Amino acid sequence: MSEFDLNQIRRLDGGLLLVFRELLRTGRASTVAARLGLSPSAISHALGRLRDLFDDPLFVRRPHGFEPTRRALELGPQIEALIELTGRTLSRETGFDPMRSERAFRFAAPEFVTALIGADLINRLKAVAPKVTFGILFADEEDAYRGLRKGEIEFALGRFGAARPGFTVEALFEDHYCVAARKDHPRLGGSIDVESWRSIGHIYAWSPSETAMDTSETGTGEPIAHLASVPQWLTALVLAASTDGIVTCPRRLADRHAERLGLQVLDLPFEPNEITVSVVRRAGAADAGVDWMLQRVREAALNHSPQESRA
């Protein structure tokens, strides 16, 4: 280790790390002071030391509070990992005991994923971790990363691009689009052609946290009949079950709820768009509890593979 590194470490203490994390989470010095039991002048002094240590403004004062710089956003996951590692080092707990834990996990997931695995996840926890609970937020990609940086969520499920600095992305399951319609639909009986797909009215599900099908990939360029747009897939499926509308939606979700809602699930009359649902979490933020919870999520997703759902 270089002399420069040693000098930097000597100047860094746990209190500075906590001030950095809370400023990144809240953006308000007064809130940080209240949470950490410090005076406003102590927060100001700590911020000055942080700026000097990292040779960056880190947080710029705006009318609404402190806004993090790019450097601060890059440092966020690393500092969060340092705090977590320090906490585990000082803690007497050696691991995660699901039978005794009362932990409440927080993660983000789109509605179609929640509707697919949520019930299975509840049942699994009830059997092996009776006091463990979870809360799910709807978040688009940017909000999910923001929540991870601020420590508001512990991981996120959904459609994500390449991993960003300070984060890991792991593919959870693959899916593709299909058509769902009521079983006694007057124009459909087990299959659908392109003309019918275009002319029968669609009920679209649209939300910033959901997947959205790009109909330009059908290669037709012709207009597509539109009946309604609603914010969630399950709402769209419920409406399709009682109307002559159709829904183009993720296959696993349709298979999961087809019998309950009285739907027929049809292959698209063209090559369907693929869906990859992934897990994103902070890199290097080892947490036995999160590792355990993610394994339950993986099991719930595997339990609803397309083959099993259609069996």
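The sequence shown: position 309 = 308 (numbering that gives the first Met the number 0), numbered continuously. Note that CB positions come from ideal geometry on N, CA and C, so glycine has one too. Treat the numbers as computed from the prediction; the structure is a model and nothing was measured.
Measure the beta-carbon distance from residue i to residue j and round it to whole angstroms, keeping in mind my assumption that it falls under 8 Å.
{"i": "Ile135", "j": "Ala108", "result": "5 Å"}
{"i": "Val276", "j": "Phe172", "result": "5 Å"}
{"i": "Arg259", "j": "Asp174", "result": "With a Cβ gap of about 19 Å, Arg259 and Asp174 do not count as contacting."}
{"i": "Ile191", "j": "Gly244", "result": "In fact, because the Cβ distance is near 13 Å, the residues do not count as touching under 8 Å."}
{"i": "Leu120", "j": "Ala299", "result": "5 Å"}
{"i": "Leu15", "j": "Arg60", "result": "Contact doesn't hold; Cβ gap of about 19 Å is too wide."}
{"i": "Ala126", "j": "Met98", "result": "So it is not a contact: roughly 10 Å between Cβ atoms."}
{"i": "Ser198", "j": "Ala180", "result": "So it is not a contact: roughly 13 Å between Cβ atoms."}
{"i": "Val178", "j": "Thr242", "result": "So it is not a contact: roughly 14 Å between Cβ atoms."}
{"i": "Arg295", "j": "Arg123", "result": "5 Å"}
{"i": "Ile42", "j": "Ala33", "result": "About 10 Å separates the two Cβ atoms, so there is no contact after all."}
{"i": "Ala35", "j": "Leu17", "result": "Inspection of the sequence shows that residue 35 is occupied by Leu rather than by Ala. Correct: roughly 6 Å between the Cβ atoms."}
{"i": "Leu23", "j": "Arg148", "result": "7 Å"}
{"i": "Tyr176", "j": "Pro271", "result": "4 Å"}
Tell me, please, which residues DSSP counts as bridged to residue i.
{"i": "Ile202", "result": "Ala227"}
{"i": "Gly64", "result": "Arg61"}
{"i": "Ile191", "result": "DSSP lists no partner for Ile191."}
{"i": "Phe166", "result": "Arg281"}
{"i": "Ile245", "result": "His201"}
{"i": "Val264", "result": "Ala179"}
{"i": "Leu16", "result": "In the DSSP output, where bridge partners are listed per residue, Leu16 has none listed."}
{"i": "Ala155", "result": "Ala107, Val279"}
Since residue i is in the beta strand (DSSP E), which residue starts that stretch and which ends it?
{"i": "Leu136", "result": "132-136"}
{"i": "Glu273", "result": "273-281"}
Under three-state DSSP, which class holds residue i?
{"i": "Asp174", "result": "strand"}
{"i": "Arg105", "result": "strand"}
{"i": "Leu37", "result": "coil"}
{"i": "Ala161", "result": "coil"}
{"i": "Glu216", "result": "In this predicted model, Glu216 has a pLDDT of only 42, less than 50, meaning its place in the structure is not dependable; the value taken from the coordinates is given anyway. Residue state, collapsed to three classes: helix."}
{"i": "Gly94", "result": "coil"}
{"i": "Arg186", "result": "coil"}
{"i": "Arg27", "result": "coil"}
{"i": "Arg251", "result": "helix"}
{"i": "Arg259", "result": "helix"}
{"i": "Arg69", "result": "helix"}
{"i": "Pro222", "result": "coil"}
{"i": "Gln306", "result": "At Gln306, the pLDDT of 42 sits below 50, so the modelled position is not reliable; the number obtained from the coordinates is stated separately. Here Gln306 sits in helix by DSSP."}
Within its chain, find whatever has a CB closer than 6 Å to the CB of residue i; leave out the 5 residues flanking it on each side and keep chain order.
{"i": "Gly318", "result": "With the chain running from 0 to 310 in the structure shown, residue 318 is simply not present."}
{"i": "Ser228", "result": "Tyr203, Trp205"}
{"i": "Thr132", "result": "Ala103"}
{"i": "Arg70", "result": "Asp55"}
{"i": "Val168", "result": "Phe159, Ala162, Ser277, Val279"}
{"i": "Lys130", "result": "Glu101"}
Tell me which residue opens and which closes the alpha helix (DSSP H) that residue i is part of.
{"i": "Gly117", "result": "110-127"}
{"i": "Gly288", "result": "287-301"}
{"i": "Gly146", "result": "140-149"}
CB-CB under 8 Å to residue i, same chain, minus the five flanking residues each way: which ones, in chain order?
{"i": "His256", "result": "Ala114, Leu233, Leu236, Leu262"}
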